[in-house]
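In the working numbering, each residue carries its 1-based index in the sequence shown increased by 111. No residue lacks a Cβ here, since even glycine has one placed at the ideal position from N, Cα and C. Just so we're clear, the structure is a prediction, and the values are computed from it rather than from any experiment. As structure tokens, the structure follows; a few thoughts come after it.
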Amino acid sequence: MQHAAIESYHKVSGGWPIVRICILASSSAGNATFVRTNHTRILIDAGLSGRETFARLEAIGESPESLDAVLLTHEHGDHICGLLPVLRKSKAAVYLTRLTAPTIEWGKYEPNLQCFQAGQQFRIGDFQVESFSIPHDAIDPVGFCLTVDGVRIGLATDLGYMPDSVRMHLRGTDFLMLESNHDLDMLKVGPYPWSVKQRVMSRHGHLSNGMVSDFILDGLDPCVRSMVLTHLSEHNNHPAIVDMTAAQALKRRGSGCSMTVAEPGVQSQVWEF
Ligand SMILES: [Zn+2]
Ligand SMILES: [Zn+2]
Numbered sequence: 112m113q114h115a116a117i118e119s120y121h122k123v124s125g126g127w128p129i130v131r132i133c134i135l136a137s138s139s140a141g142n143a144t145f146v147r148t149n150h151t152r153i154l155i156d157a158g159l160s161g162r163e164t165f166a167r168l169e170a171i172g173e174s175p176e177s178l179d180a181v182l183l184t185h186e187h188g189d190h191i192c193g194l195l196p197v198l199r200k201s202k203a204a205v206y207l208t209r210l211t212a213p214t215i216e217w218g219k220y221e222p223n224l225q226c227f228q229a230g231q232q233f234r235i236g237d238f239q240v241e242s243f244s245i246p247h248d249a250i251d252p253v254g255f256c257l258t259v260d261g262v263r264i265g266l267a268t269d270l271g272y273m274p275d276s277v278r279m280h281l282r283g284t285d286f287l288m289l290e291s292n293h294d295l296d297m298l299k300v301g302p303y304p305w306s307v308k309q310r311v312m313s314r315h316g317h318l319s320n321g322m323v324s325d326f327i328l329d330g331l332d333p334c335v336r337s338m339v340l341t342h343l344s345e346h347n348n349h350p351a352i353v354d355m356t357a358a359q360a361l362k363r364r365g366s367g368c369s370m371t372v373a374e375p376g377v378q379s380q381v382w383e384f
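Here it is in structure tokens:
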């Protein structure tokens, strides 16, 4: 899979694309997405170990030291467990909400903290970043839209449902990374204790395949060119079910949007715009 990423990375000839995106990993076990232009390199969430993050960056020809910023969605372990090693190696600035910053154990490390308020817009190098609140059981969770030279990238994972405000923020995206966490029937009969099942199904839990299907049918902006379904549960979902459910919804919608499922734990191809 890492080979596929390298091949795709080198496929562009004649000049740089505006932006390159690689999902280093996405699942309930660890999330990290790399986005870059010619001048700015950002990691969105750092939920892989430091060693694995560095290896996966190197697999696409990126050096960990050249990261400019780490952008955090929220403080859950599957989004921050590699944060300190990544910051120590890269000296990157970390962008997170004011309320999220004190929830992280910084130890003796003195981070270059760039705190923002959920809903605020700010700039990281070439990228205009728009943050928006999402419904999830963390202190102050957010999703992001990153815009550079007219290319708009949306990311929304870890949300219990799709509020109108999130639908609104995701309008106009060319490339959308959206959670499709669980299959409701698999979750109900799966191995989790009932309290955890209730949490996942709640309004502050995670999006099911069915909710994504509903969103595709009545909320997906026709201008979205590519959609990647992410943050799959390894116990309560299967990539083939996600693919089938979303493909059916896209067909019913008459959408020409290309769709990919991020296999849990597997590094994605590199998308270029
Ligand atoms: Zn979470
Ligand atoms: Zn998560």
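Close Cβ partners of residue i (< 6 Å) along its chain, the five nearest in sequence each way excluded
{"i": "F233", "result": "F227, V240"}
{"i": "V339", "result": "M288, T371, A373"}
{"i": "T284", "result": "R263, G265, V335"}
{"i": "L257", "result": "F238, V240, I264"}
{"i": "G376", "result": "A136, S138"}
{"i": "S369", "result": "S337"}
{"i": "G193", "result": "A157, L159, S160, G161, T164"}
{"i": "S344", "result": "S139, N292, H293"}
Under the three-state DSSP convention, the category residue i falls into
{"i": "A357", "result": "helix"}
{"i": "D250", "result": "Residue identity check: residue 250 is Ile in the sequence provided, not Asp. Of the three classes helix, strand and coil, the one that applies to I250 here is coil, per DSSP."}
{"i": "Q309", "result": "helix"}
{"i": "H293", "result": "strand"}
{"i": "P222", "result": "coil"}
{"i": "S244", "result": "strand"}
{"i": "F165", "result": "helix"}
{"i": "I129", "result": "coil"}
{"i": "M288", "result": "strand"}
{"i": "R209", "result": "coil"}
{"i": "S174", "result": "coil"}
{"i": "S119", "result": "Confidence at S119 is low in this model, with a pLDDT of 43, below 50, so the placement of that residue is unreliable and no value is reported for it."}
{"i": "V323", "result": "helix"}
{"i": "R234", "result": "strand"}
Neighbourhood of residue i by C-beta, 8 Å cutoff - its chain only, sequence neighbours within 5 removed
{"i": "Y220", "result": "L195, L198, R199"}
{"i": "K308", "result": "L298, K299, G301"}
{"i": "T144", "result": "I132, C133, I134, L135, S137, L154, I155, D156, L266, M288"}
Whole-angstrom C-beta distance between residue j and residue i, which should lie under 8 Å
{"i": "S276", "j": "A357", "result": "Wrong, their Cβ atoms sit about 23 Å apart, outside the cutoff."}
{"i": "V205", "j": "L224", "result": "6 Å"}
{"i": "A65", "j": "L178", "result": "For residue 65 there is no data in the structure shown, the boundaries of the chain being 112 and 384."}
{"i": "I153", "j": "I235", "result": "6 Å"}
Residues near residue i by beta carbon distance below 7 Å, same chain, minus five either side
{"i": "E76", "result": "An answer regarding residue 76 cannot be provided, because it is not within the stretch 112 to 384 covered by the chain."}
{"i": "W127", "result": "N149"}
{"i": "P222", "result": "L198, V205"}
{"i": "M297", "result": "N347, N348"}
{"i": "L295", "result": "S319, G321"}
{"i": "Q231", "result": "S242"}
{"i": "F326", "result": "M273"}
{"i": "H247", "result": "H185, D269, L270, G271, H315"}
{"i": "N142", "result": "A136, D156, G158, D189, H190, T268, H342"}
Can you confirm whether the stretch 155-163 touches the stretch 348-365 when touching is taken to mean that 3 or more C-beta pairs between the two stretches lie within less than 8 Å?
Cβ pair count under 8 Å is below three, so no.
Meets three-Cβ-pair contact criterion under 8 Å: the stretch 323-337 and the stretch 295-315
Because the criterion of three Cβ pairs below 8 Å is not met, the stretch 323-337 and the stretch 295-315 do not touch.
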